[in-house]
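Student:
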Amino acid sequence: MRGGSQLWDVINHMDQKIYCLENERASEEVCGWYNNLKYFAFSAHDSTLNGLLSALGAKEKVVPDDLPEYTAAVLFELWKVNGQYKVKVNYHRNYNTTQWEDITGNISGLFAFLHSQLPKLLSKTFPVPG
C-alpha cells in the first residue's frame, strides 16, 4: 500500500481548515464543522504508516530497517506562526515510549516542496463541498 492518498487527505484537511479560518464569510455548509475542528485522526496498520513515511520521503531516516512498530503513529500539526502557516510532523515509535520525535526535518520530495510552498499554495485554494 502506498501513502500518497493518506498524505493528500491530510493536506486537503489542512487546506480546508485554513480556508475556513481565513474566510469569515465562508458558508456554514462549507465550513460548519471545520470551524470547531481541533484534530482529525485516522487509524492505520504498520504497512500503511510505512507507505505514508515513504510518501513523505522520510522512511529511510525514520524507520530504515523494517516496518513501523506496533502502536507507531505519525502526527501532523498545523501551526500559524507570525501570520504564516507551518506544518510540523511528529513520529511515535512504539508502546515503550511516550516520546514524540519531530521528523519535519526528515521529509523530502513532494511533501517537502509543498511544506515550503504552503503559504503560496493555500492562498490560491478554494473549498470543495462534500
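Residue numbering for the sequence shown follows the numbering used here, starting at 11 and increasing by one per position.
Every residue gets a Cβ at the ideal spot worked out from N, C-alpha and C, and that includes glycine.
Name the DSSP bridge partner or partners of residue 90?
Tutor: 95
Student: Checking the sheet assignment: what are the DSSP bridge partners for residue 76?
Tutor: When beta bridges are read from the DSSP output, residue 76 appears opposite no residue.
Student: Out of curiosity, what's the CA-to-CA distance linking residue 37 and residue 96?
Tutor: 25 Å
Student: Taking DSSP as the reference, what is the three-state secondary structure of residue 140?
Tutor: Note on residue 140: pLDDT 41, under 50, position unreliable in the model; the coordinate value appears next. In this structure, residue 140 counts as coil in the three-state DSSP scheme.
Student: Anyone know if the C-beta pair for residue 81 and residue 13 falls short of 8 Å?
Tutor: no
Student: Please return the same chain residues whose Cβ sits closer than 8 Å to the Cβ of residue 49, not counting the five positions on each side in sequence.
Tutor: none
Student: Leaving aside the five residues before and after residue 111 along the sequence, list all residues of the same chain whose C-beta is less than 6 Å from its C-beta, in chain order.
Tutor: 101
Student: Report all residues from its chain with a CB closer than 6 Å to the CB of residue 118; omit the five preceding and five following residues, and keep chain order.
Tutor: 67
Student: Return helix, strand or coil for residue 141, following the three-state DSSP convention.
Tutor: Outside the displayed range of the chain (11 to 140) lies residue 141, so it cannot be described from this structure.
Student: Just to confirm the assignment: which complete alpha helix (DSSP H) runs, minimum length 4, are found wholly within the segment 22–75?
Tutor: For the segment 22–75, the full-length alpha helix (DSSP H) segments reaching 4 residues or more read 38–41, 56–66, 69–72 along the chain.
Student: Would DSSP call residue 100 helix, strand or coil?
Tutor: strand
Student: Inspect the beta-carbon positions of residue 62 and residue 17 and report whether they are closer than 8 Å.
Tutor: Yes. Within cutoff.
Student: May I ask you to list the residues that DSSP assigns as paired with residue 85?
Tutor: In the DSSP output, where bridge partners are listed per residue, residue 85 has 100.
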